[in-house]
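Asker:
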Amino acid sequence: METKRTNKDILVKGVKKIAVAIAFMFIGPSILYVAFSNQEKPLYIPLLILGGAVCIAAIIFAFKGLNTIMDSLFHKK
0 METKRTNKDI
10 LVKGVKKIAV
20 AIAFMFIGPS
30 ILYVAFSNQE
40 KPLYIPLLIL
50 GGAVCIAAII
60 FAFKGLNTIM
70 DSLFHKK
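Quick note, in numbering that gives the first Met the number 0, the sequence shown goes up one by one and the last residue is 76.
1) What residues in its chain sit with their C-beta under 7 Å from that of Glu39, if we drop five residues either side in the sequence?
2) Select from Phe62, Ile44, Lys7 the residue whose C-alpha is nearest the C-alpha of Lys16.
3) Looking only at C-alpha atoms, which of Gly50, Leu72, Asp70, Thr67 sits nearest to Met24?
4) Quick check on the burial criterion: 16 or more other C-beta atoms within 10 angstroms. Buried or exposed for Val11?
5) Taking 6 Å as the limit between beta carbons, can you name the residues of its chain near Leu72, skipping five residues before and five after?
6) Taking Cβ to Cβ, would you say Ala56 is nearer than 8 Å to Tyr43?
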C-alpha cells in the first residue's frame, strides 16, 4: 500500500506565494501611511490607490498561498 506524501513542488509554490503576501503586508500599509501623511500633495490619490491595491494583493496572495499549501498536503487535483 502506498502512503500519501506531501508534494514538495506544490508546497514550495505555496510558500513562495505566502512570502510575497508577507512582503505586501508590510509594503501596503507603509504606502498608505505615506499617502495619508501627505494629503495636500499631488501624489495623494495615486499613492492611496497603490497602497490599497497592494493591501488587496496581500490578502489575495495569502489565500492563494494557503490554498496551494493545503492542496500539496491533501493531494487535491
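Quick reminder that beta carbons are idealized off the backbone N, C-alpha and C, glycines included.
Answerer: Put simply:
1) Correct list: empty, nothing qualifies.
2) Selected option, being the one with the closest Cα: Phe62.
3) Met24 has its Cα closest to that of Gly50, out of Gly50, Leu72, Asp70, Thr67.
4) Looking at its Cβ environment, which holds fewer than 16 other Cβ atoms inside 10 Å, Val11 is exposed.
5) Cβ neighbours of Leu72 within its own chain (closer than 6 Å, five residues either side excluded): Thr5.
6) Taking a C-beta distance under 8 Å as the contact criterion, Ala56 and Tyr43 do not qualify as a contact pair.
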